[in-house]
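Visitor: Provided herewith is a single structure, encoded as structure tokens, for subsequent inquiry.
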Amino acid sequence: MLTNLFIPFETHNPRKSPTTRRFSTMNETVAISPENAAELRNPELVHQINKLRRLDNVTNWPYLAREYFYCALVLVPTLWFYHRWESWGISWFWNIPVTLLAIFFVGLVQHRLVMLGHEASHYALFKNWKLNEIASNWLCFYPLWSMAYNYRLQHMAHHQYTNDPERDPDLIYMEISGQRFNYPMPIGRFLWDCVITLFFWIPGLVKNVVIRARFANQGGTIPPYMPQEKPSKVVFVIDLLYVVSLIATLTLFTLTQNTLLLAIVPVGWLAVLLVVTRLIPERLYVRTGVKPVIAPRRAIYQRCVYFTLLFTTMAWLSYSTGRPWLAYYLLLWIVPLFTTWSFFMLLREEIQHSNTGQGKFVDTRDFRGNPLVKWSLFPYNMDYHLGHHLFGMIPHYNLPKLDKLLSTTEVYRQNQLVVWGYLFSRKATHE
């Protein structure tokens with residue numbers, strides 16, 4: 110259904126006549142006039158915007174629960190099929206389409222989940238900063254083998270230096286991985302670049318994830334987000350050895366059905382890691398100009414606790430059912446992370462920023478259209494992307510209200526760029 114996306118790609122400002130429509134390029138840098146900029150600093154407008162910034166510690170819990178419900182809707186039937194197909198007397202080859210569908214939809218849910226983590230990177234998931242950090246780590250980032258702080262270092266630089274080819278991390282990722290496109294484009298070019306080349310060229314998707322992971326572990330790419338000293342690999346190597354050793358021992362005890370060691374060893378591993386973690390000098394952890402909410406030492410240890418709980422649970426499931434739960438995890442979680450999640454991340458980032466300029470109002474665009482595309486590609490009101498880049502602390506559920514509020518200003522009406530009918534409609538219309 111994505112094959113008609115943005116074809117033709119019509120950028121339309123619903124409040125401007127065709128003669129004043131603007132098309133911006135990556136080489137364009139626009140400065141808003143002082144008079145127009147002053148309009149955004151109107152005390153009453155600022156007061157109304159600040160009201161939209163108000164957070165609580167409750168609203169986003171149902172959103173988080175919903176994503177895990179979506180995940181269960183995909184994984185439970187898939188695992189049930191794996192366990193039942195033989196009793197139905199059907200061919201083993203039916204596992205292939207079932208698995209491919211699961212990989213596609215799990216990657217889609219992972220993409221939606223990281224968008225809630227994205228909220229946390231703006232300190233907008235929960236009002237309490239520690240809750241914001243802990244909840245996003247455990248429910249959004251640890252499952253994707255990342256951390257909120259690492260994501261924040263990259264993403265804040267993207268907001269501060271949007272579309273700067275030397276300082277925007279998103280552009281750096283894409284340039285290194287060779288995933289740069291040029292919207293708008295004809296339908297044939299779209300099908301080739303964004304469906305065939307992007308989606309089916311698995312090495313490119315894998316490379317994108319590897320590059321993101323490498324940059325995340327190194328910290329940001331520019332001050333103040335970059336490390337104050339050259340990052341050490343000691344912490345990374347210790348954690349990697351821990352996870353590999355944990356998986357190896359759990360697998361061994363599962364195969365030998367040694368339930369005593371299966372229960373004791375994970376606790377022992379965590380105790381050993383705790384001692385080692387406390388002995389690691391502070392200078393070996395990434396330190397930047399952005400103060401972490403939770404010290405990296407604690408956040409990294411908590412991530413290892415998460416992995417310990419995860420892999421221990423899978424070991425006990427394998428022991429009790431005789432099924433390869435580690436293989437299920439690799440196939441139905443890690444493979445989507447390296448393929449379909451990477452695809453949705455790249456496609457969304459390109460569509461939001463490709464062929465736009467540098468400067469407020471021209472560095473991104475808004476989108477209005479089919480709810481299915483909004484749900485999959487622009488979750489959590491990421492189709493209101495201009496407002497998000499202007500006021501990044503506004504929580505996702507208030508972005509439509511922000512758009513309505515900003516529409517009362519001349520500067521917003523004259524500069525907002527909206528893409529209409531991005532799935533089926535080929536006509537640019539007014540809101």
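Mapping of the sequence shown onto this note's numbering: position 298 corresponds to residue 407, and the numbering continues sequentially without gaps.
Using N, Cα and C, we set each Cβ at its ideal position, and we do this for glycine too.
All values derive from a computational prediction rather than experimental measurement.
For D512, report the span of its alpha helix (DSSP H) as first-last.
Guide: To locate residue 512, count along the sequence shown from 1; it is residue 403. Here the alpha helix (DSSP H) through D512 covers 508-515.
Visitor: What alpha helix (DSSP H) runs, 4 residues minimum, are completely inside the region 419-463?
Guide: The qualifying runs are 434-438, 444-447, 449-462.
Visitor: Can you name the residues that DSSP bridges to F476?
Guide: Within the sequence shown, residue 476 is the residue found at index 367, counting from 1. BP columns for F476 point to V528.
Visitor: Taking N479 as the reference, give the member of A174, Q263, T473, P488 with the closest Cα.
Guide: The residue you call residue 479 lines up with position 370 of the sequence shown. It is P488.
Visitor: Please state whether the Cβ-Cβ distance between R412 and T386 is less than 8 Å.
Guide: The residue given as residue 412 occupies position 303 in the sequence shown. The residue given as residue 386 occupies position 277 in the sequence shown. Taking 8 Å as the Cβ cut-off, R412 and T386 do not qualify as a contacting pair.
Visitor: Could you spell out the range, first to last residue, of the alpha helix (DSSP H) harbouring L499?
Guide: The residue you call residue 499 lines up with position 390 of the sequence shown. Start and end: 494-499.
Visitor: How big is the Cα-Cα spacing for F420 and L435?
Guide: The count along the sequence shown starts at 1 and reaches residue 420 at position 311. The count along the sequence shown starts at 1 and reaches residue 435 at position 326. Using only the alpha carbons, I get a separation of about 8 Å.
Visitor: Can you tell me the Cα-Cα spacing of R522 and L210, whole angstroms?
Guide: Within the sequence shown, residue 522 is the residue found at index 413, counting from 1. Within the sequence shown, residue 210 is the residue found at index 101, counting from 1. C-alpha separation (whole angstroms): 42 Å.
Visitor: What does the alpha-carbon distance come out to for the pair I311 and L364?
Guide: Working through the sequence shown from its first residue, we reach residue 311 at position 202. Working through the sequence shown from its first residue, we reach residue 364 at position 255. C-alpha separation (whole angstroms): 33 Å.
Visitor: What residue ranges within the region 362-414 form continuous alpha helix (DSSP H) runs of no fewer than 4 residues, ordered along the chain?
Guide: Counting whole runs of 4 or more residues, the region 362-414 contains the alpha helix (DSSP H) stretches 368-388.
Visitor: In the structure shown, what three-state DSSP assignment does Q467 receive?
Guide: Taking the first residue of the sequence shown as position 1, residue 467 is located at position 358. Correct three-state label for Q467: strand.
Visitor: Would you tell me roughly how many angstroms separate the C-alpha atoms of L262 and M283, rounded to the nearest one?
Guide: Looking up residue 262 in the sequence shown gives position 153. Looking up residue 283 in the sequence shown gives position 174. Roughly 17 Å between the two C-alpha positions.
Visitor: Are at least three pairs of beta-carbons, each pair with one atom in the region 223-230 and one in the region 249-269, less than 8 Å apart?
Guide: Cβ pair count under 8 Å is three or more, so yes.
Visitor: Cα separation between L486 and R221?
Guide: In the sequence shown, the residue the question calls residue 486 occupies position 377. In the sequence shown, the residue the question calls residue 221 occupies position 112. L486 and R221: Cα-Cα distance of roughly 8 Å.
Visitor: Just to confirm, is the Cβ distance from T518 to E148 under 8 Å?
Guide: One-based indexing of the sequence shown puts residue 518 at position 409. One-based indexing of the sequence shown puts residue 148 at position 39. Result yes, Cβ atoms of T518 and E148 sit closer than 8 Å.
Visitor: Between K239 and I403, which are expected to be in contact by the criterion C-beta below 8 Å, what is the C-beta distance as a whole number of angstroms?
Guide: Taking the sequence shown and counting its residues from 1, one reaches residue 239 at position 130. Taking the sequence shown and counting its residues from 1, one reaches residue 403 at position 294. Right, the Cβ-Cβ distance comes to about 7 Å (below 8 Å), so this counts as a contact.
Visitor: Look up M283 in the DSSP assignment and say whether it is helix, strand or coil.
Guide: The residue labelled residue 283 in the question sits at position 174 within the sequence shown. It is helical.
Visitor: How about Y334 and V399: do their beta carbons lie closer than 8 Å?
Guide: Position 225 of the sequence shown holds residue 334. Position 290 of the sequence shown holds residue 399. Against a cut-off of 8 Å, the Cβ pair of V399 and Y334 comes out as a contact.
Visitor: So the alpha helix (DSSP H) E242 belongs to, where does it begin and stop?
Guide: Sequence index remark: in the sequence shown, residue 242 carries index 133 (1-based). Unbroken alpha helix (DSSP H) run through E242: 238-245.
Visitor: To the nearest angstrom, how far is the alpha carbon of V319 from that of M423?
Guide: In the sequence shown, counting from the first residue as 1, residue 319 sits at position 210. In the sequence shown, counting from the first residue as 1, residue 423 sits at position 314. Rounded to the nearest angstrom, the two C-alpha atoms are 25 Å apart.
Visitor: Does the region 338-350 come close enough to the region 382-396 that 3 or more CB-CB pairs lie under 8 Å?
Guide: Touching, yes.
Visitor: Using the Cα positions of R163 and H156, report the straight-line distance between them to the nearest angstrom.
Guide: Taking the sequence shown and counting its residues from 1, one reaches residue 163 at position 54. Taking the sequence shown and counting its residues from 1, one reaches residue 156 at position 47. In a straight line, the C-alpha of R163 is about 11 Å away from that of H156.
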